[in-house]
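S.K.:
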């Protein structure tokens, strides 16, 4: 969407980011704009990460002092997620999307390599996968369970068209009905708008 004759900053950033990632020629002005926006995004992401860390049992004074220099968990989290942008895991009439915010939530709650407060707020088991495999794993599971997901959102769509919105529900595979893949069991919850809200291994 245009803002006057100029692209909105977030759209311009994504376009330049796409060009850079595809080794396309980028002007000096656009490179400078991209760098400024990257710095802004990093500041905002650090704030969000600290906010999520506050949900653990770390003392407030410890949270304020956490930095890449003194926390291996924080440093690892920044490295693993620094280039992550919201991704569409299933492109359908209701796209299934994993946002940066939910990814951070998953990492802080369920990943061994980014456990804060000694993992006291995490589930009893961590993912039996490498941290950099998590979003690929999630995409694989969405594809694996595609038929069930599509049927659920088709049913939601019918309820919406018939103005029975109270019957629309999140897609949920919990501990009673997990997705079993390669001998492992996973919980996934996708809200009515297609956004991943929960993902962890049992």
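Residue numbers (my numbering): 621 to 822. Don't be surprised by glycine CBs; every beta carbon is placed ideally from N, CA and C.
1) What number of angstroms, rounded off, separates the C-alpha of residue 696 from the C-alpha of residue 778?
2) With DSSP as the reference, label residue 727 as helix, strand or coil.
3) From what residue to what residue does the beta strand (DSSP E) around residue 805 run?
4) Is DSSP giving residue 719 helix, strand or coil here?
5) If you draw a straight line from the alpha carbon of residue 699 to that of residue 724, how long is it in whole angstroms?
6) How far does the beta strand (DSSP E) with residue 639 in it extend, from its first residue to its last?
7) Return helix, strand or coil for residue 821, following the three-state DSSP convention.
8) Let me know the secondary structure DSSP gives residue 699 once reduced to three states.
9) Got a sec? Which residues, its chain only, sit under 7 Å from residue 804 by beta carbon, not counting five neighbours each side?
M.R.: Result, derived from the coordinates:
1) Their backbone Cα atoms lie some 44 Å apart in a straight line.
2) DSSP places residue 727 in helix when its eight states are reduced to three.
3) 804 to 810
4) Residue 719 falls in the coil class under three-state DSSP.
5) Rounded to whole angstroms, residue 699 and residue 724 show a C-alpha spacing of 12 Å.
6) First-last for residue 639: 629 to 641, but that is the alpha helix (DSSP H), not the beta strand (DSSP E).
7) strand
8) helix
9) Excluding sequence neighbours, residue 804 sits near 748 and 821.
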